[in-house]
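Have a look at the structure below before the remarks.
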Amino acid sequence: MRDEYLLDTPTVRGFIADVRAAIAGAASPAGACDAIRPRFVELLADDRWLLPEFQEPNPDSGMGGGIGQWLLFRAGDRSLTLFALVVPPGSATPIHDHLAWGLVGLYRGTQDEEIYAERGGRAEPVERRALATGDFYALLPPRDDIHRVRTTSPETSVSIHLLTNDTGCVWRHAYDERSGEPAAFRSGYVNVPCD
Ligand SMILES: [Fe+2]
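Start counting at 1 in the sequence shown, then tack on 658, and there's your number in the working numbering.
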């Protein structure tokens, strides 16, 4: 399969090329995240590259709440994706995991993030943090792989995800907010079907 650039611009192509070079030159996922960090900061600070059509909510969302998950880039071997997650004001994702390492950062708006840990097969809350535009964090599973985000700004929040799997199409887990029990979950993308 070929690489797919759903948003095919020099900014996205340049970013992905630099990410691939960083991954190739790093000894570990944590090392790769460190190497990618400066370019990710630049991407979050550049308010021109993410076209408005990739910042729209999705009424038919696999996540519920009108949340849009827009694929921007996907590697031919499905080992790397870049996507935008659009969360309307007051909406929250389900509690979910990602099953891959990568970086997540806030491009627009503000969010509350609740982080969970799996204990005895259930998700238990461990930490809560407020995120402002430009904030970002590394996901290095199993640490910090389970979370839920809620938009706290009056405008829609948009976060940029760079993850080392086909996050929208892989089967992962959503967790019941009361019992913490996992269930099979596939979020999908707004703009690309899963095979
Ligand atoms: Fe997430």
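Note that beta-carbon positions come from the ideal geometry of N, C-alpha and C, so glycine has one too.
With C-beta atoms as the reference, is Tyr-663 less than 9 Å away from Leu-730? Cβ distance < 9 Å, so Tyr-663 and Leu-730 count as in contact.
**Report entry** Contact test: Thr-739 Cβ vs ligand 1 heavy atom, cutoff 8 Å
**Finding:** No.
Exercise. In the structure shown, what three-state DSSP assignment does Glu-813 receive?
Worked result: Three-state DSSP puts Glu-813 in coil, outside helix and strand.
> Can you list the beta strand (DSSP E) stretches of 3 or more residues lying completely in the segment 748-810, in chain order?
Replying inline: Restricting attention to beta strand (DSSP E) runs no shorter than 3 residues, the segment 748-810 encloses them at 760-766, 769-777, 780-789, 794-797 and 804-809, ordered along the chain.
Task: Option in Ala-682, Glu-776, Arg-808 and Tyr-847 with minimal Cα separation from Gly-726 - done: Of the candidates Ala-682, Glu-776, Arg-808 and Tyr-847, the one whose C-alpha sits nearest the C-alpha of Gly-726 is Tyr-847.
Taking its Cβ as the centre, do 16 or more other Cβ atoms sit within 10 Å of Cys-852, making it buried, or is it exposed? Burial is judged here by how many other beta carbons sit within 10 angstroms of a residue's own beta carbon; Cys-852 has fewer than 16 and is exposed.
Does any CB atom of chain B fall closer than 9 Å to the CB of Phe-843? The displayed structure is made up of one protein chain only, and chain B is not part of it.
DSSP three-state assignment for Arg-678, whether helix, strand or coil
Residue state for Arg-678 is assigned as helix, using DSSP reduced to three classes.
Grab me the residues of Pro-687's own chain with a C-beta within less than 7 Å of its C-beta, minus the 5 sequence neighbours each way, in chain order.
Contacts found: Trp-759 and Leu-798.
### Query
Which residue comes first and which comes last in the alpha helix (DSSP H) that contains Gly-846?
No alpha helix (DSSP H) contains Gly-846, which DSSP labels as neither H nor E.
Handout entry: Pro-783 versus Arg-808: straight-line alpha-carbon distance, rounded
Key = Between Pro-783 and Arg-808, the C-alpha separation is close to 15 Å.
(Q) For Val-744, report the span of its beta strand (DSSP E) as first-last. (A) From DSSP, the beta strand (DSSP E) with Val-744 extends over 739-745.
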